[in-house]
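Going down the list, the protein sequences come from chains A and B.
Counting in the working numbering, the first sequence runs from 1 upward without gaps.
Counting in the working numbering, the second sequence runs from 1001 upward without gaps.
Note that beta-carbon positions come from the ideal geometry of N, C-alpha and C, so glycine has one too.
Just so it is clear, the structure is predicted and the values come from calculations on it, not from any experiment.
Here the structure comes first, spelled out in structure tokens, and everything after it is commentary.
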Amino acid sequence: SAVISQKPSRDICQRGTSLTIQCQVDSQVTMMFWYRQQPGQSLTLIATANQGSEATYESGFVIDKFPISRPNLTFSTLTVSNMSPEDSSIYLCSVAANQGSYNEQFFGPGTRLTVL
Amino acid sequence: EDKVVQSPLSLVVHEGDTVTLNCSYEVTNFRSLLWYKQEKKAPTFLFMLTSSGIEKKSGRLSSILDKKELFSILNITATQTGDSAVYLCAVGGSNYKLTFGKGTLLTVNP
């Protein structure tokens, strides 16, 4: 399976600021996914990021709040904009194991964000 | 809307016990069911199931899917303290999206 890294591992931010989370994969992947896990909750898909096209956002998530970049097949960023305490969550990127099996996803180590 | 329900929500056992975790689902255009183990932050992939009645096994862990009754179970035999974690069930549909359940918190005491 692909080796996935995320930066930062954790951060504590002030409300109103923005944080960009990076996700790096050691091999080229077509689809990358960004999830959020709020305290005590399960994972919720924010958006799907394909290289060379706009990200596809799930209901309840908008590009202005969570802009995503996907400049190449090994890298993506998620920005959490104008943060509030409700954005305190673990943010995870994942990649599909292989083309044709997009459900089989492997996750990065996650970014734990606390907003004060 | 796709839905995944896991039970129990939490479970406390002693080392050596066998546990069964349950996952039921409703999903449009079902493709697969996945089990993950989550310790700290990152979910670790355990199994992906696509066919009914075929058991997948890895060491002391095994899982099976029933597509007629829309559920799956994850069994862990001879539990160890290192098995303590949240076990997540997720279902994938044709749009590549994974819908997760809330997880089962398993605590294995020595």
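Self-check item: Run of the beta strand (DSSP E) containing residue 1158(B), from where it starts to where it stops
Solution: The first residue shown for chain B is 1001 and the last is 1110, placing residue 1158(B) beyond what the model contains.
Quiz item: Are the C-beta of residue 72(A) and some C-beta of chain B separated by less than 8 Å?
Solution: If you number the first sequence from 1, residue 72(A) lands on position 72. So, not an interface residue.
Quiz item: Is there at least one Cβ from chain B nearer than 8 Å to residue 90(A)'s Cβ?
Solution: If you number the first sequence from 1, residue 90(A) lands on position 90. Closer than 8 Å: yes.
Quiz item: For the candidate residues 94(A), 116(A), 22(A) and 41(A), whose alpha-carbon lies nearest to that of residue 78(A)?
Solution: As a first step, residue 78(A) is located in the first sequence; it is residue number 78 there, counting from the start. Ranking 94(A), 116(A), 22(A) and 41(A) by Cα distance to residue 78(A) puts 22(A) first.
Practice problem: Report yes if the C-beta distance between residue 1064(B) and residue 1018(B) is below 8 Å; otherwise report no. | Solution: The count along the second sequence starts at 1 and reaches residue 1064(B) at position 64. The count along the second sequence starts at 1 and reaches residue 1018(B) at position 18. Going by C-beta atoms, residue 1064(B) is not nearer than 8 Å to residue 1018(B).
Quiz item: Which residues does DSSP pair with residue 1092(B) in a beta bridge?
Solution: Here the question's residue 1092(B) lines up with position 92 in the second sequence. Answer is 1032(B) and 1098(B), bridged to residue 1092(B).
Quiz prompt | Any C-beta of chain A under 8 Å from that of residue 1101(B) | solution = Within the second sequence, residue 1101(B) is the residue found at index 101, counting from 1. So yes, residue 1101(B) belongs to the interface.
Quiz item: Going along chain B, which residues have a C-beta under 8 Å from residue 48(A)?
Solution: For this step, residue 48(A) is matched to residue 48 along the first sequence. Residues of chain B passing the Cβ test: 1096 and 1097.
Quiz item: Taking residue 33(A) as the reference, which of 49(A), 44(A), 27(A) and 25(A) has the closest Cα?
Solution: As a first step, residue 33(A) must be located in the first sequence, where it is residue number 33. Ranking 49(A), 44(A), 27(A) and 25(A) by Cα distance to residue 33(A) puts 49(A) first.
Quiz prompt | Under 7 Å from the C-beta of residue 1008(B): neighbouring residues of chain A | solution = Residue mapping note: residue 1008(B) aligns to position 8 of the second sequence, counting from 1. Going along chain A, no residue has its Cβ under 7 Å from residue 1008(B), so there is no contact; the nearest lies around 15 Å.
Practice problem: Whole angstroms is fine: what's the gap from residue 1(A)'s alpha carbon to residue 1031(B)'s? | Solution: Position 1 of the first sequence holds residue 1(A). Position 31 of the second sequence holds residue 1031(B). Going from the Cα of residue 1(A) to the Cα of residue 1031(B) covers about 20 Å.
Practice problem: Using alpha carbons as the reference points, say which of 1072(B), 1011(B) and 1041(B) lies closest to residue 1004(B). | Solution: Position 4 of the second sequence, counting from 1, holds the residue named residue 1004(B). Out of 1072(B), 1011(B) and 1041(B), 1072(B) has the C-alpha closest to the C-alpha of residue 1004(B).
Exercise. Please name the residue in 1097(B), 1010(B) and 1056(B) whose C-alpha comes closest to that of residue 1021(B).
Key: Within the second sequence, residue 1021(B) is the residue found at index 21, counting from 1. When only C-alpha atoms are compared, the closest one is 1010(B).
Quiz prompt | Contact check, residue 27(A) vs residue 83(A), beta carbons under 8 Å | solution = Counting from 1 along the first sequence, the entry for residue 27(A) is found at position 27. Counting from 1 along the first sequence, the entry for residue 83(A) is found at position 83. Cβ distance not < 8 Å, so residue 27(A) and residue 83(A) don't count as in contact.
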